[in-house]
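Undergrad: Chains as they are written, first to last, in the numbering used here: chain A, 1 to 126; chain B, 1 to 126. In this text, a Cβ means the ideal position worked out from N, Cα and C, and glycines have one as well.
2 protein chains.
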Amino acid sequence: MTHDIPPEQACPIAPVVDLVFSRWTTPILWALHEYGRHRFVELERRISTITPKVLTQRLRQLERDGLVVRTYHPEVPPRVEYEISELGRSLAPLFATLAGWSGNLKEVERARESYDSRQHAGGRRP
Amino acid sequence: MTHDIPPEQACPIAPVVDLVFSRWTTPILWALHEYGRHRFVELERRISTITPKVLTQRLRQLERDGLVVRTYHPEVPPRVEYEISELGRSLAPLFATLAGWSGNLKEVERARESYDSRQHAGGRRP
DNA sequence: GATAGTAGGTACCTACAGGAAAGTATTGGG
DNA sequence: CCCAATACTTTCCTGTAGGTACCTACTATC
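#1: Would you call the segment 68-85 of chain A and the segment 26-42 of chain A in contact, with 3 or more CB pairs under 8 Å?
#2: Would you call the segment 84-99 of chain B and the segment 63-72 of chain B touching, i.e. three or more CB-CB distances under 8 Å?
#3: Please tell me whether A/ILE13 and A/ARG58 are closer than 7 Å, where the distance is taken between their beta carbons.
#4: Please decide whether A/VAL17 counts as near chain B, where near means a Cβ-Cβ distance under 7 Å.
#5: Closer than 8 Å by beta-carbon distance: list the chain B residues that pair up with A/PHE21, in chain order.
#6: Tell me the rounded alpha-carbon separation between A/ASP4 and B/ALA111.
#7: For the beta strand (DSSP E) holding A/THR71, just list the boundary residues, first then last.
#8: So which residues on chain B does A/GLY66 lean against when the C-beta distance must stay under 7 Å?
#9: Please list, in chain order, the chain B residues whose beta carbon lies closer than 8 Å to that of A/LEU59.
#10: Can you give me the start and stop residues for the alpha helix (DSSP H) that B/ILE47 sits inside?
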């Protein structure tokens with residue numbers, strides 16, 4: 001063996017995955033990255049299926065991780081703006097790679113159809 | 001507006017994220033990609049915290065999606081081998097980008113410390 | 001004084017993912 | 001006759017993420 005593998009996770013990219021790809025973070029980061037600054041309700045409307053509670057949770061988490069920046073304007077009614085940070089912007093090539101790979105989704109679809117037809121055709125799985 | 005956004009998800013990379021970054025899939029794909037063919041128990045030992053039930057579930061899903069290839073050898077006791085498919089291997093640049101971004105994790109750590117100290121210091125969040 | 005509008009917070013509840021543990025089929029070996 | 005080994009499968013159980021619904025503070029406007 002070249003060097004020992006940490007017993008828990010043989011996967012060094014797991015921390016980044018947890019950070020960037022936990023539930024709802026991708027749509028939020030994408031929205032902020034693609035369409036710039038957003039107010040709370042604007043995000044809520046854009047990601048129409050998210051609930052305000054969860055949106056708050058995710059935004060706090062992303063702010064804590066330094067991926068988004070929150071700006072509070074003490075007006076009446078209050079106004080809060082969220083934008084992507086410099087660190088968050090550094091995820092752009094990653095997102096681009098992901099978007100590029102999307103082209104392979106049709107191949108995934110074909111694989112699924114093939115697999116399903118094989119299963120239904122009475123091919124017993126030993 | 002240049003073109004309409006699908007109301008549900010303003011995030012075109014969501015499908016890929018669901019496919020590649022659902023729970024446990026990253027360690028499995030990483031192991032198969034880095035260390036080649038594995039038998040069931042070998043994967044079980046390498047990803048020591050996964051249970052056989054879940055490992056089976058994920059492997060089935062990955063096989064159906066065409067990302068891994070399962071080979072059954074009808075011996076006694078039976079032998080099964082899993083390896084990454086060509087399609088799975090096409091994820092390599094994505095994983096490389098992720099691994100590259102890992103360098104920014106210390107900056108995330110700093111952001112967290114800064115955030116936490118600001119919160120504890122009595123800075124009330126309006 | 002009722003209402004609207006913003007940016008959340010809280011209490012409660014449920015569904016589902018995932019964990020634990022035992023079972024299954026097969027056959028060679030002691 | 002029982003065990004070992006492999007690759008799961010099945011049953012049962014629990015924790016927690018996330019959803020629903022309602023509540024807060026603040027002021028301007030009607």
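TA: In terms of the structure at hand:
#1: yes
#2: yes
#3: Sequence index remark: in the first sequence, residue 13 of chain A carries index 13 (1-based). Sequence index remark: in the first sequence, residue 58 of chain A carries index 58 (1-based). No, they are not a contact pair.
#4: Residue numbering aside, residue 17 of chain A sits at position 17 when the first sequence is read from its first letter. So yes, A/VAL17 belongs to the interface.
#5: By one-based count along the first sequence, residue 21 of chain A stands at place 21. What A/PHE21 touches in chain B: VAL17 and PHE21.
#6: In the first sequence, residue 4 of chain A corresponds to position 4, counting from 1. In the second sequence, residue 111 of chain B corresponds to position 111, counting from 1. Only weak support is given to the placement of A/ASP4: the predicted model assigns it a pLDDT of 39, under 50, and the question is left unresolved by the model.
#7: Position 71 of the first sequence holds residue 71 of chain A. Per DSSP, A/THR71 belongs to the beta strand (DSSP E) from 68-73.
#8: Here residue 66 of chain A corresponds to residue number 66 of the first sequence, with the count starting at 1. What A/GLY66 touches in chain B: GLU107, VAL108 and ALA111.
#9: The count along the first sequence starts at 1 and reaches residue 59 of chain A at position 59. Simply none; closest approach about 12 Å.
#10: Position 47 of the second sequence, counted from the start, is the residue given in the question as residue 47 of chain B. That residue, B/ILE47, is in no alpha helix (DSSP H); it is neither H nor E in DSSP.
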